[in-house]
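Residue numbers (our numbering), protein chains in the order written: chain H, 1 to 154; chain L, 1001 to 1279.
Cβ coordinates follow ideal geometry from the N, Cα and C atoms, glycine included.
The model shown is predicted, which means the values in this text are computed figures rather than measured ones.
All remarks here apply to the structure that follows.
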């Protein structure tokens, strides 16, 4: 097992992944380092990579016209940034900015999609990991937009 | 449960407001001392009925340190006529107090375990007495984790104290907001999201959760997903409490009365009815 494969399999997102599948995923992966303020992706750009955070913190933000960026979520160690690569048109739906020195594993999305198409078992195994993350983010968004801490008149 | 409840539970004792502190635009912390006698003992999680004379009564949890003798501390949000009247009392004003009432946070049962204290918004106020107690006896507990979520950075309650607790080496404190601003460098997102990031042993952990009911439901789900058993999760429920002694039925919650059987309730006892619309 080479260094990158070991790093990939050590990430919580891939906990318990079969070594054989780990090798395939690691074949599409590379290491990244982002300094504070650097962007992992910009809204509208091709979603070419999905990032698994190993260290640091990333702000997901949307830029309303004429206003400062609005951060709607932060992602930290053990979490993933980017799900747009899963669904056409494979473009970022938000900006992702490192808030501090951030180390991440970037997985080439095109490479991963091609491998999913070639091996549906691999694709299914990976979807079983990505879908709960997407569901969790949907749940969190629901709770967030409910604005439960807002003032309720009695 | 305190034994120091008055003989006639509907007659409030007169207290004087000796100190006020504006926590946010509509949230005030009041310190109250009895005009006569001693302040009754209470347990973390319990509440008093505070009576703004001529306006009305409102159930408010204690938010101070139970070990600090002499006064009650309450943090009140102005959300209506009675709570507004209490929240806007000035130092020197009089207020009626009945209590303490209700069940307590299981700080004794948590001894020997990791402790997760999870609050949302103003829910940090009823949880604060438990935090004081756990930290006062820190050696009795495993890892101690405080997770706090609120609306915006300006809404963070007890900010100086959170910063103080965060500096301790024996407590993990994480704060998140639903909506950040340009100055905010911390986490953005809902409080259940912090749970997987916290360090604790789910098989030897007890969680105390306080906040809006929807937030508590999501949080309980996240705790279950993290491996904590239902019987190890406690929620502080909120209903419209009037008599506070289980007579009037205003706060009925399934087969229980929140004023008498709660407000602190074990999750496995209430999970089935939490999402029932009619309850």
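Step through the CB atoms of chain H and report whether any lies within less than 7 Å of the CB of residue i.
i                       : result
residue 1150 of chain L : yes
residue 1013 of chain L : no
residue 1193 of chain L : yes
residue 1182 of chain L : yes
residue 1008 of chain L : no
residue 1215 of chain L : yes
residue 1261 of chain L : no
residue 1209 of chain L : no
residue 1190 of chain L : yes
residue 1187 of chain L : yes
residue 1218 of chain L : yes
residue 1001 of chain L : Summary for residue 1001 of chain L: the model assigns pLDDT 48, below 50, so the residue's position carries little reliability, and this model does not support an answer.
residue 1121 of chain L : yes
residue 1202 of chain L : no
residue 1126 of chain L : no
residue 1178 of chain L : yes
Going by DSSP, what residues sit across from residue i in a beta bridge?
i                       : result
residue 49 of chain H   : H:108
residue 1060 of chain L : L:1048
residue 29 of chain H   : H:107
residue 1210 of chain L : L:1119
residue 1235 of chain L : L:1209, L:1265
residue 60 of chain H   : H:73, H:96
residue 6 of chain H    : Paired residue(s): none; residue 6 of chain H is not in a bridge.
residue 34 of chain H   : H:102
How many angstroms separate the CA atom of residue i from the CA atom of residue j?
i                       : j                       : result
residue 74 of chain H   : residue 1187 of chain L : 6 Å
residue 1279 of chain L : residue 1240 of chain L : 12 Å
residue 1182 of chain L : residue 36 of chain H   : 15 Å
residue 1121 of chain L : residue 110 of chain H  : 42 Å
residue 6 of chain H    : residue 1203 of chain L : 28 Å
residue 56 of chain H   : residue 1132 of chain L : 31 Å
residue 1012 of chain L : residue 1048 of chain L : 10 Å
residue 1224 of chain L : residue 136 of chain H  : 14 Å
residue 39 of chain H   : residue 1184 of chain L : 18 Å
residue 4 of chain H    : residue 89 of chain H   : 29 Å
residue 1016 of chain L : residue 1117 of chain L : 31 Å
residue 139 of chain H  : residue 1134 of chain L : 31 Å
residue 1208 of chain L : residue 1096 of chain L : 29 Å
residue 1180 of chain L : residue 72 of chain H   : 7 Å
residue 1125 of chain L : residue 1060 of chain L : 10 Å
residue 1001 of chain L : residue 1167 of chain L : The pLDDT assigned to residue 1001 of chain L is 48, lower than 50, so where the model puts this residue is not dependable; a value taken from the coordinates is nonetheless given after this. In a straight line, the C-alpha of residue 1001 of chain L is about 33 Å away from that of residue 1167 of chain L.
residue 129 of chain H  : residue 53 of chain H   : 15 Å
Which first and last residues belong to the alpha helix (DSSP H) in which residue i is found?
i                       : result
residue 1267 of chain L : 1267-1274
residue 131 of chain H  : 120-146
residue 1130 of chain L : 1124-1136
residue 1219 of chain L : 1213-1225
residue 1258 of chain L : 1258-1261
residue 1031 of chain L : No alpha helix (DSSP H) contains residue 1031 of chain L, which is instead part of the beta strand (DSSP E) from 1027-1034.
residue 1086 of chain L : 1081-1087
residue 1161 of chain L : 1159-1167
Starting from residue i, trace the beta strand (DSSP E) in both directions and tell me its first and last residue.
i                       : result
residue 75 of chain H   : 70-75
residue 1077 of chain L : 1072-1077
residue 1014 of chain L : 1013-1024
residue 1114 of chain L : 1114-1120
residue 1148 of chain L : 1144-1150
residue 1191 of chain L : Neither: residue 1191 of chain L is in no beta strand (DSSP E) and is coded neither H nor E.
residue 1100 of chain L : 1094-1101
residue 40 of chain H   : 39-41
Counting contacts by CB-CB distance shorter than 7 Å, is residue i in contact with chain L?
i                      : result
residue 87 of chain H  : no
residue 144 of chain H : yes
residue 154 of chain H : Because residue 154 of chain H sits at a pLDDT of 44, beneath the cut-off of 50, its placement in the model cannot be relied upon, and the following sentence gives the value as read from the coordinates. Chain L contact via Cβ: present.
residue 149 of chain H : yes
residue 102 of chain H : no
residue 68 of chain H  : yes
residue 71 of chain H  : yes
**Request:** Report yes or no: do three or more beta-carbon pairs, one from the region 1202-1220 of chain L and one from the region 1243-1250 of chain L, lie closer than 8 Å?
**Result:** no
**Request:** Taking 8 Å as the threshold, find out whether the region 1221-1236 of chain L comes into contact with the region 41-55 of chain H through three or more Cβ pairs.
**Result:** no
**Request:** Decide if the region 1188-1201 of chain L is in contact with the region 1249-1268 of chain L; the criterion is three or more beta carbon pairs, one per stretch, under 8 Å apart.
**Result:** no
**Message:** Measuring CB atoms only, is the region 1105-1118 of chain L touching the region 1072-1087 of chain L, in the sense that at least three cross pairs come out at less than 8 Å?
**Reply:** no
**Prompt:** Does the region 1019-1038 of chain L touch the region 1057-1075 of chain L, meaning 3 or more C-beta pairs lie closer than 8 Å?
**Reply:** yes
**Inter-stretch contact at 8 Å, needing at least 3 Cβ pairs: the region 69-86 of chain H / the region 10-24 of chain H** = yes
**Request:** Check whether the region 100-110 of chain H touches the region 25-36 of chain H, taking contact to mean three or more Cβ pairs, one atom from each stretch, closer than 8 Å.
**Result:** yes
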